[in-house]
Amino acid sequence: MKLTVIGGTGLIGSQVVRKLRAAGHEAVPAAPSTGVDLLTGEGLDQALAGADVVVNVANSPTFDEASLDFFRTTMTNLLAAGERAGVGHQVVLSIVGVDQVPQLDYYRAKTLQEDLLRQGPTPYSIVRATQFFEFMNAVLSWTSDDSTVRLPATRIQPMAAADVVDAVVDVATGTPLNGIRNVAGPDVFALDDLGRITLAAQQDDRNVVTDDKAGMFAVVAGDVLIGGPDAHLAPTHYQDWMRSTR
Numbered sequence: 001m002k003l004t005v006i007g008g009t010g011l012i013g014s015q016v017v018r019k020l021r022a023a024g025h026e027a028v029p030a031a032p033s034t035g036v037d038l039l040t041g042e043g044l045d046q047a048l049a050g051a052d053v054v055v056n057v058a059n060s061p062t063f064d065e066a067s068l069d070f071f072r073t074t075m076t077n078l079l080a081a082g083e084r085a086g087v088g089h090q091v092v093l094s095i096v097g098v099d100q101v102p103q104l105d106y107y108r109a110k111t112l113q114e115d116l117l118r119q120g121p122t123p124y125s126i127v128r129a130t131q132f133f134e135f136m137n138a139v140l141s142w143t144s145d146d147s148t149v150r151l152p153a154t155r156i157q158p159m160a161a162a163d164v165v166d167a168v169v170d171v172a173t174g175t176p177l178n179g180i181r182n183v184a185g186p187d188v189f190a191l192d193d194l195g196r197i198t199l200a201a202q203q204d205d206r207n208v209v210t211d212d213k214a215g216m217f218a219v220v221a222g223d224v225l226i227g228g229p230d231a232h233l234a235p236t237h238y239q240d241w242m243r244s245t246r
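UniProt numbering numbers the first residue of the sequence shown as 1 and each following residue consecutively.
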């Protein structure tokens with residue numbers, strides 16, 4: 001099977017390419033560094049030539065309102081190129097609960113991407129994943145100073161990027177879902193508690209203060225970022241992942 005991986009040189013995409021190739025598939029990474037410009041469409045026809053499946057893990061360069069235009073333009077270009085190439089399956093990586101947080105520009109942009117995919121001409125699958133373990137230090141940095149990290153008690157169910165890759169590969173090499181698969185980590189945390197666990201493991205003596213107005217996730221209400229009863233649970237626990245990456 002030939003699969004073109006859009007965003008195939010990034011954190012998730014490069015691992016998707018490696019895993020697909022290890023399984024015997026022909027996996028072609030498509031990114032600016034390989035001559036593909038999603039915003040103009042340049043290089044798309046060549047990258048998709050002969051592809052059975054397109055796996056789209058490309059990300060917007062910003063998380064603000066401009067991300068709406070990015071996903072509108074890139075999804076439109078990709079669907080049109082896929083139809084010209086006779087692609088039989090379009091796969092997009094999205095976020096658990098993405099359509100439940102309209103207050104966040106980036107989440108609205110990803111919801112728009114999903115809607116365009118559903119309305120497009122090609123059978124599709126949406127893999128919605130929870131937050132990545134790998135982004136936890138970035139989350140801590142948003143609302144921190146030399147002595148304190150301020151975090152809301154928002155409930156999250158994070159997962160390892162490697163487990164996200166496994167989920168994407170599994171869906172991409174299967175029959176189109178024409179729907180959504182939710183994937184999540186095995187454990188649910190309050191974000192402030194996860195911050196304390198992270199700092200302790202890193203021997204960082206900063207104090208975590210619970211502040212339900214701090215950071216991007218402060219606007220998230222209830223359990224919308226939790227995988228839910230239908231989610232496929234990944235095997236990697238956060239504490240095990242931290243030990244393995246030290």
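For every residue, glycine included, the Cβ atom is placed at its ideal position computed from N, Cα and C. Since the model is a prediction, treat every value here as computed from it, not as a measurement.
DSSP beta-bridge partners of residue i
{"i": "TYR124", "result": "GLN90"}
{"i": "ASN56", "result": "ILE6, VAL92"}
{"i": "PHE132", "result": "MET159"}
{"i": "ALA30", "result": "ILE6"}
{"i": "LEU233", "result": "ALA184"}
Span of the beta strand (DSSP E) around residue i
{"i": "LYS2", "result": "2-6"}
Continuous alpha helix (DSSP H) stretch holding residue i: start and end
{"i": "ALA23", "result": "It is not in any alpha helix (DSSP H) - ALA23 carries neither H nor E in the DSSP assignment."}
{"i": "SER244", "result": "238-245"}
{"i": "GLU83", "result": "66-85"}
{"i": "LEU104", "result": "It is not in any alpha helix (DSSP H) - LEU104 carries neither H nor E in the DSSP assignment."}
{"i": "ASP37", "result": "Run containing ASP37: none; DSSP gives neither H nor E here."}
{"i": "ALA47", "result": "44-48"}
Residue environment, residue i, which counts as buried when at least 16 other CB atoms sit within 10 Å
{"i": "PRO158", "result": "buried"}
{"i": "THR111", "result": "buried"}
{"i": "ALA58", "result": "buried"}
{"i": "ASN56", "result": "buried"}
{"i": "ASP64", "result": "exposed"}
{"i": "GLU114", "result": "buried"}
{"i": "GLY8", "result": "buried"}
{"i": "PRO29", "result": "buried"}
{"i": "SER33", "result": "exposed"}
{"i": "PRO50", "result": "Pro is not the amino acid found at residue 50; the sequence shown has Gly there. Classification for GLY50: exposed."}
{"i": "ASP163", "result": "buried"}
{"i": "GLN203", "result": "exposed"}
{"i": "ASP230", "result": "exposed"}
ask   = Counting Cβ pairs closer than 8 Å, one from the segment 142-160 and one from the segment 200-218, do we hit at least three?
value = yes
ask   = Counting only runs that start and end within the segment 143-230, where is the alpha helix (DSSP H) found for 4 or more residues in a row?
value = When DSSP assignments are scanned along the segment 143-230, the uninterrupted stretches of alpha helix (DSSP H) that are 4 or more residues long and fall wholly within it turn out to be 161-172, 191-201.
ask   = Pairing CB atoms from the segment 64-79 with CB atoms from the segment 182-197, are three or more of them under 8 Å?
value = no
task = Evaluate contact between the segment 80-87 and the segment 118-133, counting only Cβ atoms and requiring at least three cross-stretch pairs below 8 Å.
result = Touching, yes, given that three or more Cβ pairs across the two stretches are closer than 8 Å.
Cβ pair count under 8 Å reaching 3, the segment 25-44 against the segment 176-187 = no
inquiry  = Does the contact criterion of 3 or more C-beta pairs under 8 Å hold for the segment 166-176 versus the segment 145-154?
reply    = no
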